[in-house]
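Residues 1 to 262, numbered by the UniProt record's numbering, are exactly what the sequence shown covers, in order.
Below is one structure; the comments refer to it alone.
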Amino acid sequence: MSFSEIRLSSSGFELGDVGTRNYEALLASTAWRDALTFTVSYTVLSVLIELVLGVLVALVLERLTKARGWMMALLLIPWSMITVVSAQLWSYLYNSAYGALSWLVGLVTDEPPIILGTPVSAFSAILVADVWKTTPFVAIIVLAGLVTIDRSVYEAAEMDGAGAWTTFWRITLPLLRSTLAIAVLFRVLQAFGVFDLPFVLTGGGPGTSTQPLAMLGWKVMFQNLNMGAGAAVAASTALIVFVVCLLCLKAFRSQVAEEDAK
């Protein structure tokens, strides 16, 4: 489809070969470059923040005893919630007329802000909603890696006089590299294909500042009915994700090989 021009009619559709013309138009498109910039920025920032917070939460959970099960259950509530539902809840909080967050900020600035009305604040609002929902997922994965670390390693470090920060940086973090690689792989795949969160919160706006690649492909294919160009957007996105997956898997295999050698 991405190498074809698809003409729709009441009797069906016709395929016309256009070669790489759809991809040439794609690379020259400002909308595609803007959507790619937003998607990459969103993926990098969200995964980085969730990784840091997830490790911190996992470290706290790992030290709990009786209340760990209850805390894990509470943490999984945001993750188990359907994204469209959680996005709608956040849209209520961000609403400039009656939103709780807008009201709180208005107490400081004397004027309720339009959180979803500017590109920077809208991007930040989407990021906060995603971090709130997905950090527990990363925390559970990291916790699974923490509980498999042999406690004798920590006892040996303590006997050698290693402090808390040294123990974390020199022992815990290196032993968690495989676990962190898996968490990053899952989150990159999910974040790069984001659609529902910006669709509900901003609709891709203001303008197209928060429009990800998935939404661009949907608009081109199903709103503009330009099937060939929409297929080119989808194929280019799939190719980027495929390359990222290969890089993550290569890094993961290198880490496993290093651990086996040790």
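All C-beta atoms in this analysis are idealised placements derived from N, C-alpha and C, irrespective of residue type, glycine included.
Treat the numbers as computed from the prediction; the structure is a model and nothing was measured.
Counting only runs of 3+ residues, no beta strand (DSSP E) is found wholly inside the stretch 39-120. C-alpha of VAL128 to C-alpha of ILE115: approximately 12 Å in a straight line. Bridge partners of ARG7 according to DSSP: GLU14. The alpha carbon of GLY217 has as its nearest neighbour, out of VAL18, PHE13, TYR23, the alpha carbon of TYR23. Taking C-beta atoms as the reference points, THR179 and ILE141 count as a pair closer than 9 Å. Of the candidates LEU213, PHE199, CYS245, the residue whose Cα lies closest to the Cα of ALA232 is LEU213.
Pairing GLN190 with ALA31 gives a Cβ-Cβ distance that is not under 9 Å. The three-state reading of DSSP puts VAL188 in helix, counting H, G and I together.
Two segments are said to touch when three or more pairs of C-beta atoms, one from each, lie closer than 8 Å; by this definition the stretch 140-155 does not touch the stretch 200-211. Remark: C-beta atoms of LEU61 and LEU75 approach each other more closely than 9 Å. The DSSP-derived three-state label of ASP150 is coil. Between the C-alpha atoms of LEU53 and PRO136 there is a straight-line separation of about 9 Å. Going by C-alpha positions, VAL138 is about 11 Å away from LEU185. In this structure, DSSP gives GLY163 a state outside helix and strand, which the three-state scheme calls coil.
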